[in-house]
Amino acid sequence: MKQERFPLALLAVFIAFWVWMAIDPVSREDWLLENALTAVTLPLLFFTRKRLRFSNFAYGCFFVFLTLHTLGSHYTYSLVPYDDWWQRLTGDTLNNVFGFERNHYDRLVHFMYGFLIVVPSLEVFIAYAPPQKMWRIVMPVFFVMAHSVLYEMIEWSAALVVAPELGEAYLGTQGDVWDAQKDMALATAGAVVMMLLIRWSPIWRHEWRRRSVS
84 MKQERFPLAL LAVFIAFWVW MAIDPVSRED WLLENALTAV TLPLLFFTRK
134 RLRFSNFAYG CFFVFLTLHT LGSHYTYSLV PYDDWWQRLT GDTLNNVFGF
184 ERNHYDRLVH FMYGFLIVVP SLEVFIAYAP PQKMWRIVMP VFFVMAHSVL
234 YEMIEWSAAL VVAPELGEAY LGTQGDVWDA QKDMALATAG AVVMMLLIRW
284 SPIWRHEWRR RSVS
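Here the numbering used here = 1-based position in the sequence shown + 83.
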């Protein structure tokens, strides 16, 4: 497969998955709100692909995150039945194994958001405002922190203004008053982990060193 066709192949697979997940979601209203993110991200990536060509690894990161998000929007984040799936595979539940008292799918996706989206964030910095030395590690993490805060504010505003009747179902707080802060902390942790992997992996580091001088 030619390198330039890889993002289009991912797009085709994602659209097929998205259509499947659009069929009979648990809450159509919540699904519509959650998919506002997808409705903005996909056209933006498609129409800017020639001006800013991300690496195939970065496109893969977008693909994995949007797939996880689409799954969450189908069930609503607090109702994704990962515990049932795990029990069918192992005979026990993750909640029982780890002593969980809530559905942690939203926590997973927030961590993966930072872990995955910090990669294209790094590439944006390299393309338009290349940071030097350790700032190359730090600035993408700060960038993820910033748009994690922005997303939480948009989510809160949407719940108040667009669909106040959805309330907690859309926000997915599950009664945790510190939910937003924990979500942002997990996104930050995910970004830090990925940037450390990039910093210490000679295979990954070579790609961004090459891009910075191209």
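Every residue gets a Cβ at the ideal spot worked out from N, C-alpha and C, and that includes glycine.
Residue environment analysis places residue 186 among the buried positions, since at least 16 neighbouring C-beta atoms fall within 10 angstroms of its C-beta. Secondary structure within the stretch 145 to 180: the alpha helix (DSSP H) runs of 4 or more consecutive residues, fully enclosed, are 165 to 173 (chain order).
Counted as a single uninterrupted DSSP element, the alpha helix (DSSP H) harbouring residue 266 occupies residues 262 to 283.
The shortest C-alpha to C-alpha distance from residue 223 to any of 238, 206 and 180 is the one to 206. Bounds of the alpha helix (DSSP H) holding residue 197 are 188 to 211. Residue 200 is classed as buried because its beta carbon has at least 16 other beta carbons within 10 Å across all chains shown. Between residue 114 and residue 157, the beta carbon gap of about 7 Å places them in contact (Cβ cut-off 8 Å).
DSSP places residue 182 in the coil class of the three-state scheme, outside both helix and strand. Around residue 274, the same chain offers 197, 201, 224 and 227 as residues with beta carbons nearer than 6 Å, after the five sequence neighbours per side are excluded.
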